[in-house]
Each structure stands twice: as structure tokens, then as C-alpha cells.
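K.L.:
The numbering of the sequence shown is full-length UniProt numbering, which starts it at 1 and goes up by one.
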Amino acid sequence: MTGLPDGGGPVPRPGRDRRARLLPAPPGAARAEADGVPRVAVVGGGIAGLTAATALAERGVAVTLYERDGRLGGRLAGWPTRLADGTTVTMSRGFHAFFRQYYNLRALLRRTDPALCRLTGLPDYPLRHGSGRRDSFRRVPRTPPLSALGFVALSNSFTVRDLAGMNPRAALPLLDVRVPGVYERLDRVSAFDFLEAIGFPAAARHLAFEVFSRSFFADPRRLSAAEMALMFHVYFLGSAEGLLFDVPREPFPQALWDPLAERLDRLGARVRTGTAVGEVAVGSAGGFTVVSPAGAEAYDAVVLALDPAGLRALVERSGGLGDAGWRERIARLRTAPPFLVSRLWLDRPVRPGRPGFLGTSGYGPLDNVSVLSDWEGEAARWAARTGGSVLELHAYALPESPGDTDRAATQRELLAELRRVYPETGEARVVDARHEWRADCPLFPVGGYADRPTVGTPTPGLVVAGDTVRTGLPVALMERAATSGFLAANTLLGRWGLRGHALWTVPDRGRSAPLRWAAARASGGR
């Protein structure tokens, strides 16, 4: 137990890492006064928007959440679909891993599930290459530097000759990752070139590191090395939480978002799904007008929690937001290449013992395979009733503009690669399938850090949240979205003298003082 929570007593650590960093709640009044309640519009109902809306509503702020789709969750939304056998099931945009160092995302989920009973842990994070090489994180120690040493010792992707050929000096920046210093040092280098300079053996790079980099939906040649270095710090070299993770026991709406929407309703927030915001206008005397099909409404502040394309489009339509430089930077934000999620309902099970999740490399476009019926309740019930199984296949960083013919070919190729990975599926009949093609994740290109927005903007009362946002903290992916949502809420709460929310992160620097010294020497003392 350590630190001061929102209410004043000790705060339990959010995980096993004794070096996790607490950012105490900014001080202020517990709730807004009844005669002076601020009104805030939150535009976007993904993780960042739901976090900001929840954090504001908990302090008595009058919140209206606008979401253009008919469902909450953003990239983790789910919706019903009817299979050929008549079963109604929940489709989504695919598997997401809830790592144990996602402290702030898990804090949001604890609002409706204090013990996180709706999550379950997978026992391993195995990786497999088309050449037959395999790696696993199940037996790797969780605490650095034993985690790195253990991975190398247990992996068949490293040989003595490989290790002798590596350039340890080039790898030193990985041992003391700080924000924003890591971007100042590595943002103008690609992840591919950075790994080449270190001399990582090709087998390890393809099997492990490219699997990680493609989690950002980008080819390593286009991904900033700074983002990859931060990822190594968050998941591996800087955190003692390890690389194993949890998954929801039921589809995203039932496990996560429906309970949170009910809580927002109890807090007095208005949730408007299926309502796209057309414009945000800045008032001459301050405040904002949000224009949507529901009408034009006045607010004291606005949170923009949108994906890069949505943010670009809304800012373009809202000429009074920000200043010229800010608007130009928003206009330069880019979206990562398309990705495909194929979910298959098969008429027979896979072989017992297949992992719930498998990262792959060297299998054409196939990046991972999930056996949903092993851990998701809805899929498991369908499998138990039919004697089949439910699998999900992902392909990241696909060609920018595939036509319909190319899409069908890619979908067939994923199925063929699945049959290479799990040969028993070659005899299985596909009872039904759903294919989701999407292209709305942020791209973190080489040299692009300076264009990414911060939470604050040049317009007082306007803040930005989302996984594309620069937070100044060691967070990534879903955790960056949740953290930025809390930071956006804290920024606004501070304007009105209301207490903010405490945050946790992994350590904000390398864990070893000698290694930090060596990393500083290698970078010229910066």
C-alpha cells in the first residue's frame, strides 16, 4: 500500500511491480456545486471517450457522450450477427490483450467489476514461425533484467554466434527509456533500421520483434523506432508485470461496455449513440456549441476522443478550433494500413492443447490465431452445442487499397495459412465466417511524433484524448487511450477547482542505475 488516492487514504498498488509509478490525484473539491455544474461534450465513445466521460461524471460534471456508431467501445465495440445455423452471436473487430501493466484501463474496468472477474488470464503467449521456430513467454521471468536474460536463454532464436554478432552499444537506448527523451533520440529512425543496427539475429527479429511491432498495425520499416523502444519498456524491459495477459470472458459489450454505460446513466451522463457530431463551434465569449442531428447544444468544454481520420475531419469542419499550427499538425495525422479480422465457425474442434492465442510470423499475411471457444463464453457455448470451434485470424499492415477480388483472395489465404498452422482444420467445414476490414488505427511514422496532439490545445476548454495523443507518460495502445482520457478529464476538472484522478504507470526510466549510466554515455550524456 502506498500513496494518496482520490479520497485521502492509502492506495493499493495496481499490480505486482513494486516500482510502478503513482501520479497522485490533483487536489480540488470532491464534486461540482449544484448551482455551478459544468457541462462537457465528449465526442467519441471508445476507450478514451468512455474514460473521460466516466472521470468527469464521477465529479458531478454534466456529461453528454456523442458516438456516431450505434454502439460503444470504439475499436473494441461488438454487435449482433446471425449465423447460417440461426444462432445470434456477437461479432467484433477482433482479439485484444489486456496486459497487467494496463493500470489505468483496468482502473476504468474496476468501476463496474472491482475484482476484474470478467477477465481471465491466458496461460501463455506463444510465438511460432513458418520455419518451425517457436518461442514462449510462459516460463520467462517477469522482472527485468531477468526477463530479457531469460527470454534469450530459453529462446531457440538466439545462438552463441548470434549473440557475439550483436552490437550492445546500439541496444543501450532500450535500457533507459524515458518520455519524451526516447522520441528525441529515436523518432527519426525506423524500427527496422534500429533492429538492424543492433544486429538482432534475423530469426529473433522475425519471430518476436516484428510480431510486437505489427501490433501497431504497421510495417517495421514505417514504424518509429521510438515507439518500438517504448513498447519494449512498457511490456518487457521496464515492467515487472510480464508479457502474459488477460482476455474478457464474454464479448466486449457484455463484459465491458454495457455495465459502464449503465454506470454512466446512474451518474447522470447522457449517452447518445448513433449521433455523429457535425461541427464544434467556439463561442465569442467562451464555451462551445456542438452541432449534431440531435440539435445544437452549448457546453463549457469539449473532449475530442476520436481516431485520426475522425479527428482530422471534425477539426476541418470546425474552423474555430485551435490555431493555424495546431490545425496543420492535426491535418498531417495519418492512419495505419488496413487490417483484416476473419472469424470462423468450424464444424469440429481444434486439437486439444492448442493455445488460446498464438502470434505467428512467416505464414503469409497471417499475424495471429485465437481459439475463442477456449476462453470466450459465448463462443464456448456455441462450440459445446455444435461440437465445433470458433477461431479468429488477424492480418495487419495489408496493402493500402485492396479491391474486392484482392480482399477475397486475402481471406482465402488466411484460411490456407491457418491449415498450415493447425493442420486438423484442413478437414473442417466452415459453418459460417465474418470478415472485418478496417483502417482507422493511428500510424506512428518515422519522424511523426511532433505532429501528434497533446491533451491540451490552444483553445481553452478543448482537450484531446485517444491512443494517438502524446501523454508524456510511458503508455501505449489501449493503455494510452485510457490514460489520455483520465488526463483530459483532469485538465478540465482543474479548471473548475475539482479533484482529479490518480494515475499509475510502469516506471518512467530504466530499472538499473548502471545500465541507465551506460545508456546516457552511449547517447552523449543526454
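Glycine included, every Cβ here is placed at the ideal spot set by N, Cα and C.
Under the assumption that A336 contacts F217 (Cβ atoms under 8 Å), give the Cβ distance between them as a whole number of angstroms.
P.N.:
4 Å
K.L.:
Would DSSP call W345 helix, strand or coil?
P.N.:
strand
K.L.:
For a minimum of 3 consecutive residues, which ranges assigned as the beta strand (DSSP E) are wholly contained in the stretch 357-416?
P.N.:
357-361, 368-371, 389-395
K.L.:
Roughly how many angstroms separate the alpha carbons of A57 and V271, rounded to a whole number?
P.N.:
Distance between the alpha carbons of A57 and V271: 12 Å.
K.L.:
Assuming Y299 and A41 form a contact by the criterion Cβ under 8 Å, report the distance between their Cβ atoms to the nearest whole angstrom.
P.N.:
5 Å
K.L.:
Going by the DSSP bridge assignment, what does E297 pair with across the sheet?
P.N.:
V290
K.L.:
Assign R412 to one of two classes, buried (16 or more other C-beta atoms within 10 Å of its C-beta) or exposed (fewer than that).
P.N.:
exposed
K.L.:
In the structure shown, what three-state DSSP assignment does S190 receive?
P.N.:
strand
K.L.:
Find the nearest neighbour of D135 within the set E392, P126, G497, judged by alpha-carbon distance.
P.N.:
Nearest of E392, P126, G497 to D135, Cα basis: P126.
K.L.:
State the Cα-Cα distance for the pair R263 and R312, rounded to the nearest angstrom.
P.N.:
30 Å
K.L.:
Which one or two residues does DSSP pair with T120 in a beta bridge?
P.N.:
V247
K.L.:
Assess, as a yes-or-no matter, whether the stretch 497-514 is touched by the stretch 13-30 under the definition of 3 or more beta carbon pairs within less than 8 Å.
P.N.:
yes
K.L.:
Excluding sequence positions up to five away, which residues of its chain have a Cβ less than 6 Å from the Cβ of W257?
P.N.:
L72, G73
K.L.:
Under three-state DSSP, which class holds M231?
P.N.:
helix
K.L.:
Could you give the DSSP three-state label for R18: helix, strand or coil?
P.N.:
The three-state secondary structure of R18, taken from DSSP, is coil.
K.L.:
Quick test of your reading: residue 537 and V37, contact by CB under 8 Å. State the CB separation rounded to the nearest angstrom.
P.N.:
No answer is possible for residue 537: the residues shown for the chain start at 1 and end at 526.
K.L.:
Would you call the stretch 238-253 in contact with the stretch 74-85, where contact means no fewer than 3 C-beta pairs closer than 8 Å?
P.N.:
yes
K.L.:
Just checking, does the stretch 473-481 make contact with the stretch 83-94 on the three C-beta pairs under 8 Å criterion?
P.N.:
Contact check between the stretch 473-481 and the stretch 83-94: fewer than three CB pairs, one atom from each, fall below 8 Å, which does not count as touching.
K.L.:
Nearest-angstrom Cα distance between residue 529 and D124?
P.N.:
This structure does not reach residue 529, given that the chain is present from 1 up to 526, and the question cannot be answered.
K.L.:
Which same chain residues end up closer than 6 Å to R106 when comparing Cβ atoms and leaving out the 5 residues on each side of it in sequence?
P.N.:
none
K.L.:
What residue from R420, L175, A30 has the CA that sits closest to L366's CA?
P.N.:
R420
K.L.:
From the DSSP secondary-structure annotation, give me the bridge partner or partners of M91.
P.N.:
W79
K.L.:
What separation, rounded to the nearest whole angstrom, lies between the Cα atoms of S292 and A153?
P.N.:
57 Å
K.L.:
According to DSSP, what are the bridge partners of F98?
P.N.:
Residue pairing by DSSP places F98 opposite D246 in a beta bridge.
K.L.:
Which two residues bound the contiguous beta strand (DSSP E) that contains Y103?
P.N.:
Here Y103 belongs to no beta strand (DSSP E); instead the alpha helix (DSSP H) covers 103-109.
K.L.:
CA-CA distance, R348 and A55?
P.N.:
45 Å
K.L.:
Span of the beta strand (DSSP E) holding L50?
P.N.:
Careful: L50 lies outside any beta strand (DSSP E), inside the alpha helix (DSSP H) at 47-57.
K.L.:
Any idea if G388 is buried or exposed, counting beta-carbon neighbours within 10 angstroms, 16 or more meaning buried?
P.N.:
G388 comes out buried.
K.L.:
Are T112 and L306 closer than 8 Å when you measure CB to CB?
P.N.:
no
K.L.:
Taking the alpha-carbon of A225 as reference, which of G287, H129, L443 has the nearest alpha-carbon?
P.N.:
Closest by alpha carbon: L443.
K.L.:
Could you work out which residue in L186, Q101, I198, H233 is closest to L223 when comparing CA atoms only?
P.N.:
L186
K.L.:
If you compare alpha carbons, which of D432, R516, D508 is closest to A240?
P.N.:
Minimum Cα distance to A240 is reached at D508.
K.L.:
Quick one: Cα of T457 to Cα of A488, how far?
P.N.:
11 Å
K.L.:
Tell me the rounded alpha-carbon separation between F98 and D374.
P.N.:
17 Å
K.L.:
With distance defined between alpha-carbon atoms, name the residue in W437, A416, R59 nearest to E400.
P.N.:
E400 has its Cα closest to that of W437, out of W437, A416, R59.
K.L.:
What is the DSSP secondary structure of W517, counted as helix, strand or coil?
P.N.:
helix
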